[in-house]
Amino acid sequence: MITLPPDYRPSEEEEFMNPLQTEYFRQKLLKWRADLLKEAGDTLASLSEGGIHEADITDRASVETDRALELRTRDRARKLIGKINLALQRVENGSYGYCEETGEPIGLKRLEARPIATLSIEAQEQHERMEKTHRDD
Numbered sequence: 011m012i013t014l015p016p017d018y019r020p021s022e023e024e025e026f027m028n029p030l031q032t033e034y035f036r037q038k039l040l041k042w043r044a045d046l047l048k049e050a051g052d053t054l055a056s057l058s059e060g061g062i063h064e065a066d067i068t069d070r071a072s073v074e075t076d077r078a079l080e081l082r083t084r085d086r087a088r089k090l091i092g093k094i095n096l097a098l099q100r101v102e103n104g105s106y107g108y109c110e111e112t113g114e115p116i117g118l119k120r121l122e123a124r125p126i127a128t129l130s131i132e133a134q135e136q137h138e139r140m141e142k143t144h145r146d147d
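When you line the sequence shown up against the numbering used here, it's residues 11 to 147, in that order.
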């Protein structure tokens, strides 16, 4: 088990995906997942408090709209948790941080911004260009 210094941040000067970087991203993913699960639990608790008790039809519609939005947000979070779990599997098998298409490092800045990234910026841009080309047909 690796212990990270409290102020540790991965840097380009280090070997890519060394044990410290790997542990840093593992902890980042675990915290993100825990936060999403807590939010989901809070949503479930608030939704299970009962029905809508607003007498005014406008207020009732507003509450229903808020609940629908919250449920869509939770559905996106559920999908995100699945992607986080896959990223944690890649951490465990040693493939985390490397592009699934090219095998090249994804890059620290990209992983810092999107820890679940599976493609390098170049591969992602090429993927998006291909999608756009096929969508226009």
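Positions of the beta carbon are idealized from the N, C-alpha and C atoms, including for glycine.
Exposure of residue i, with buried meaning 16 or more beta-carbon neighbours within 10 Å
i      : result
Gln99  : exposed
Tyr18  : exposed
Gly107 : buried
Ala123 : exposed
Met11  : exposed
Leu81  : exposed
Leu79  : exposed
Met27  : buried
Per DSSP, cross-strand counterpart(s) of residue i
i      : result
Pro115 : Tyr108
Expected contact under 8 angstroms - CB spacing of residue i and residue j to nearest Å
i     : j      : result
Glu9  : Leu129 : For residue 9 there is no data in the structure shown, the boundaries of the chain being 11 and 147.
Leu14 : Leu30  : 6 angstroms
Ile94 : Ile67  : The Cβ separation is near 40 angstroms, so there is no contact.
Pro16 : Tyr34  : Pro16 to Tyr34, Cβ: 12 angstroms. No contact.
### Query
When the Cβ atoms of the region 64-71 are set against those of the region 34-45, are three or more pairs found closer than 8 angstroms?
no
### Query
Do the region 130-147 and the region 103-118 meet, that is, are 3 or more Cβ pairs less than 8 angstroms apart?
yes
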